[in-house]
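In this note's numbering, the protein residues as written are 64 to 315. In this text, a Cβ means the ideal position worked out from N, Cα and C, and glycines have one as well.
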Amino acid sequence: MNKPVIILLFFALFITSCDNTDEIINIIQNPPLTEAEVVAGLKSALTIGMDTAVSIVSKVNGYYLDELIKIYLPPEADIIVDNVDNPLLAAIGMQDLIDDIILKMNRAAEDAATEAIPIFVDAITAMTIQEAFNILDGDDTSATHYLRENTYGDLKSTFQPKIASSLDKPLVGGISASETWASVTGLYNEVANSIAGQLAGLTPVNTELDEHVTVKALDGLFVKVGDEEKDIRTDPLARVNDILKKVFGKNK
64 MNKPVIILLF
74 FALFITSCDN
84 TDEIINIIQN
94 PPLTEAEVVA
104 GLKSALTIGM
114 DTAVSIVSKV
124 NGYYLDELIK
134 IYLPPEADII
144 VDNVDNPLLA
154 AIGMQDLIDD
164 IILKMNRAAE
174 DAATEAIPIF
184 VDAITAMTIQ
194 EAFNILDGDD
204 TSATHYLREN
214 TYGDLKSTFQ
224 PKIASSLDKP
234 LVGGISASET
244 WASVTGLYNE
254 VANSIAGQLA
264 GLTPVNTELD
274 EHVTVKALDG
284 LFVKVGDEEK
294 DIRTDPLARV
304 NDILKKVFGK
314 NK
């Protein structure tokens, strides 16, 4: 049997195995994604999501004016916030001090955000083929989850010293967040430790601010990375290059 006949027979058998010719045309026009394409697509999505997220939160007011990620006082300080209208605290301008420290904590997070970039890049570069397919077939923030799982420890150990340094910078009004926090807790604790404060049920607050701001800053960063991933998965306009269009266009 000559070669053309064999090809024709094979093609005839292939046709009978498909539901119709439309399926054949679709396979020819839209071949399955290769492993290399899936990996490249996921790495591109993460890189773009990471770049965009960092650029958003590292701007002035990137954290402060975004209620989803804005950093507030640690839970241990709730007693201060809840009692801010107490005449003892109102007399020392506690509300203004609280507003000031919140602004400065967010400025510190914005100042530290770019430290995430090299750590994210290392994790994206190290992605395996199996991880890429798991992410592609996962939910709408699977890539962000991968990034968090593979970077959080390094990010935290890198961020915390940077956050601590930023908290010590006079980023707002020539006074650092650390100084303002010391004023807030110092003045509050002085009132809380007084006889009048004890009778009012106030208790002292002693919290390390850098740990709290670091955790909240990282939480906010991953919220933004997740938002970018969702956009790429669901919005064709967010697929800004050919590999994103090919990989995520097929994975509807």
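Pairing Leu265 with Asn146 gives a Cβ-Cβ distance under 8 angstroms.
For Asn197, the enclosing alpha helix (DSSP H) begins and ends at Ile192 to Leu199. For Ile161, the enclosing alpha helix (DSSP H) starts and ends at Met157 to Ala175.
Here Ile238 is bridged, per DSSP, to Val235. In the three-state reduction of the DSSP assignment, Thr266 falls in the coil class.
Looking only at Ala195, Pro150 and Ile164, the smallest Cα-Cα distance to Val102 is reached by Ala195.
With respect to Ile155, Leu250 sits close: the two C-beta atoms are nearer than 8 angstroms. Secondary structure at Asp148: coil, using DSSP grouped into helix, strand and coil. Nearest C-alpha to Glu253 among His275, Thr115, Ala206 and Leu151: Leu151.
Non-local beta-carbon contacts of Ser205 in its own chain, meaning distances under 6 angstroms to residues more than five positions away in sequence, involve Ile198 in chain order.
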